[in-house]
Amino acid sequence: MQRLPFGRRASPAPTLRHLVAALALASAIPAGMAAGVASKVPPGRVEEPTIDITINEHDTLIALARDRFVSPRAWREIAKLNRLPDPSRIYPGQVLRVPERLLRSQPVAARLVSAVGDVRVADATAQSGSDVAEGQRIETGNDGSAVIELADGSRMRLAPSSLAELSASRSYAPASTDATGTNGWFSGAMRVLRGSVEVFATKVLRAKPLEVTTPTAVAGVRGTHYRVDYAEADSQASRAGVLEGRVRLDTADRRKGADLDAGYGGAIDASAAAPTAIALPGPPDLDALPERFERPIVRFTLAGETAPVRVQIAEDPAFDRIVRDLQAAPGAEFRITGLPDSAWYLRARRVGEQGIEGVDATHPFVLKARPEPPVPSRPRADGKVSAGSVEFAWAQNAAAPQARLQVADDDAFTHIVADVDPIDAANRVVALETPGVYHWRLASIRPDGDHGPFGDPLHFEVRPQAPAPTGGVAGDGKSLIFHLGGRPQDHQLVQLARDVEFKNVVTEQELASADWSLPLPAEGGRYYFRYRVKEPDGFIGDYTAPLVVDVPVDRSYLWLLAPLLLLL
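If you count the sequence shown from 1, position 227 lands on 216 in my numbering, and the numbers rise without skipping.
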């Protein structure tokens, strides 16, 4: 039989089963009731967290102090707090309030269940599955994110460019080799020093509400889904947004605060003014986003948005593995770089009043940007070529040297006039006899047959071939005259040569008319004539096929030989 120093027989001590039952009852109290209790605290006084313990048969205050409290002498403070007229007498069913700080606890490690990109724990590179001890800091790089699972099963997701500290992770179960936060009371807290954390709090027994703190605010819950972010450069602003359940958001000194229900948020900055519940902005419309992107830089604009938008890209639909996190002004273009070809998940939320972020909209997409297409060289964009054999040329992709060429007479490529696949060389000639505007594009092909996306199409114009020239020796036999085609505004570049390859050009001119007349060459024989059209914008078409012209040979010198023939 145990006795208190007062010499009287003590009441029986509570079992752990009764302690857990009491906490379960406390955890089930609606948030509104809890807030009502807090509102009775006099201004300027902060009530510390306490736990109700129901006394069981054979419990004694000294035994509780020895087995459950941090000090055997703690019974004195418990007796005073509960105004026990006779500390030696406690009875089965009696409820005692015990400050959480007096309960015996032990640190229990959290676990890093997901780490992607640059993630560091205690200034060392961290991998998924590693432990995070109480007091250790977790930091994510610009393209990194982490998910930490606390001992009670709650999860905290750190966004890129965040810094947080596991400030509390304690189990209040009896000391044992397998003590965890799920076989007894648990107390956990995360301190956000930079960036943001998303909390998924389980509804289990806790010695006090799960907390996320910042230098300017405290957010506490017993079971909910919410976000907290802290920006020191923005007046030390702390913001919370509740997606499920209810959160109590207080100033750092816990003297001012507000209850935030699901769908609401609040903010506290260095001024320590009391927060006001603000409705979360609704999700942005992502219906216009494509399901497939085919360029290494993922570009898109959310048209019609009047507020800034935050966008995150993740490897998984749960967004545990976030690799990109960026924000843009209303209507600005998002440009996301460095993503490999894969399936991705995008979510976006509006940033509303006081910087409070709203409800997410999600959009899965596929990135297939590689192998990148060849670089086209000719025909150039907006260029002109003559009808007939048109040469297409490009610079090959060294990793995917083969190419696919498509030519169409519409920009949507619904009417394709040429589709050549595969092409080993860096050029290909295609017959285009019909004048008009054409569009062409290229794709690269890897040696294993993997086709990359088509590049941006280029358009060009096929101009009619110049009409074949007519003409020859004039009727007077003293000149050559040629009739050319072309429009009135065009010029003609003409050539007259002695050989069909036009290596020996006799004369060439640029004409402003469709007729050309020149003196008969002194030297008779066969000549070749051709021309091409020069349009006002500088485009010069191909030469026409050569026109053969036979210039009569002057044999008048033979009459000078006639007298000699008579002498014979």
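Backbone N, C-alpha and C fix where the C-beta goes; we use that ideal spot for every residue, glycine too.
Item to check | Exposure of residue 404, with buried meaning 16 or more beta-carbon neighbours within 10 Å | outcome: The C-beta of residue 404 has fewer than 16 other C-beta atoms within 10 Å across all chains shown, which makes the residue exposed.
Checklist entry - Could you give the distance in angstroms between the alpha-carbon of residue 537 and the alpha-carbon of residue 462? => result Between the alpha carbons of residue 537 and residue 462 lies a gap of roughly 11 Å.
Item to check | Residue of 408, 185 and 435 minimising C-alpha distance to residue 387 | outcome: Ranking 408, 185 and 435 by Cα distance to residue 387 puts 435 first.
Checklist entry - Helix or strand or just coil, what does DSSP make of residue 509? => result Shown here, residue 509 sits in coil according to DSSP, grouped into three states, outside any helix or strand.
Checklist entry - residue 206 and residue 250 look like a contact to me (Cβ under 8 Å); what is the Cβ gap, rounded to whole Å? => result Actually they are not in contact, since the Cβ atoms of residue 206 and residue 250 sit about 17 Å apart, beyond 8 Å.
Checklist entry - residue 41 lies in the alpha helix (DSSP H); which residues open and close that run? => result Not the alpha helix (DSSP H): residue 41 falls in the beta strand (DSSP E), residues 39 to 43.
Next on the checklist: Can you tell me whether residue 539 is buried or exposed? The criterion is at least 16 other CB atoms within 10 Å of its CB, across all chains shown.
Outcome noted: Counting Cβ neighbours within 10 Å, residue 539 comes out exposed, since fewer than 16 surround it.
Checklist entry - Does DSSP put residue 69 in a helix, a strand or coil? => result Residue state, collapsed to three classes: helix.
Item to check | DSSP state of residue 51 mapped onto helix, strand, coil | outcome: DSSP places residue 51 in the helix class (H, G or I) of the three-state scheme.
Checklist entry - If you drop the 5 nearest sequence neighbours on each side, which residues of the same chain put their C-beta closer than 7 Å to that of residue 103? => result Counting only Cβ-Cβ distances below 7 Å, and skipping sequence neighbours, we find 117, 135, 136, 309 and 310.
Checklist entry - From 247, 222, 243 and 271, pick the residue whose C-alpha is nearest to that of residue 229; which is it? => result Measuring from the Cα of residue 229, the nearest candidate turns out to be 247.
Next on the checklist: Using a Cβ-Cβ cutoff of less than 6 Å, which residues in the same chain neighbour residue 524 once the five nearest sequence positions on both sides are dropped?
Outcome noted: Closer than 6 Å at the Cβ level, and outside the excluded window around residue 524, lie 479.
Checklist entry - Applying the criterion that 16 or more other CB atoms from any shown protein chain within 10 Å of the CB defines a buried residue, is residue 97 buried or exposed? => result Taking every protein chain shown into account, the CB of residue 97 has 16 or more other CB atoms within 10 angstroms, so this residue is buried.
Checklist entry - Excluding the five sequence neighbours on either side, which residues of its own chain have a C-beta within less than 6 Å of the C-beta of residue 515, listed in chain order? => result Excluding residues within five positions, the ones whose Cβ falls inside 6 Å are 539.
Checklist entry - According to the neighbour-count rule (16 or more other Cβ atoms, all chains shown, within 10 Å of its Cβ), is residue 263 buried or exposed? => result Exposed, because fewer than 16 other Cβ atoms sit within 10 Å of the Cβ of residue 263.
Next on the checklist: My assumption, with CB atoms under 8 Å, is that residue 95 sits in contact with residue 110. Please give the rounded CB distance.
Outcome noted: Wrong, their Cβ atoms sit about 20 Å apart, outside the cutoff.
Next on the checklist: Tell me the rounded alpha-carbon separation between residue 369 and residue 495.
Outcome noted: Cα to Cα, the separation comes out at about 33 Å.
Checklist entry - Which value, in whole angstroms, describes the spacing of the CA atoms of residue 316 and residue 335? => result Distance between the alpha carbons of residue 316 and residue 335 is about 13 Å.
Item to check | Pair within 9 Å by beta-carbon distance, residue 101 and residue 120 | outcome: Going by C-beta atoms, residue 101 is nearer than 9 Å to residue 120.
Checklist entry - Taking DSSP as the reference, what is the three-state secondary structure of residue 310? => result Of the three classes helix, strand and coil, the one that applies to residue 310 here is coil, per DSSP.
Checklist entry - Hey, quick one: how far does the beta strand (DSSP E) through residue 499 stretch, first residue to last? => result Per DSSP, residue 499 belongs to the beta strand (DSSP E) from 494 to 500.
Item to check | For residue 86, the first and last residue of its enclosing beta strand (DSSP E) | outcome: Note, residue 86: beta strand (DSSP E), 84 to 88.
Checklist entry - From residue 76 to residue 42, what does the alpha carbon distance come to, in whole angstroms? => result Rounded to the nearest angstrom, the two C-alpha atoms are 15 Å apart.
Item to check | Own chain, CB closer than 6 Å to residue 129, minus 5 neighbours either side, in chain order | outcome: Correct list, in chain order: 108, 135, 147, 149 and 151.
Next on the checklist: Could you check whether residue 506 and residue 470 sit closer than 9 Å to each other, using their CB atoms as the reference points?
Outcome noted: Going by C-beta atoms, residue 470 is nearer than 9 Å to residue 506.
Next on the checklist: Given this structure, state the Cα-to-Cα distance separating residue 268 from residue 87, to the nearest angstrom.
Outcome noted: Residue 268 and residue 87: Cα-Cα distance of roughly 37 Å.
Checklist entry - Going by C-alpha distance, which of 484, 54, 204 and 189 is nearest residue 214? => result The shortest C-alpha separation from residue 214 is found at 189.
Checklist entry - Beta-carbon separation of residue 431 and residue 394 under 9 Å? => result With contacts defined by Cβ atoms closer than 9 Å, residue 431 and residue 394 form a contacting pair.
Checklist entry - Is residue 320 helix, strand or coil by DSSP? => result In the three-state reduction of the DSSP assignment, residue 320 falls in the coil class.
Checklist entry - Count the other CB atoms within 10 Å of the CB of residue 457; is the residue buried (16 or more) or exposed (fewer)? => result Counting of Cβ neighbours within 10 angstroms places residue 457 among the exposed residues, the total staying below 16.
Checklist entry - What three-state label does DSSP hand residue 333 in the structure shown? => result Residue 333: strand per DSSP, three-state reduction.
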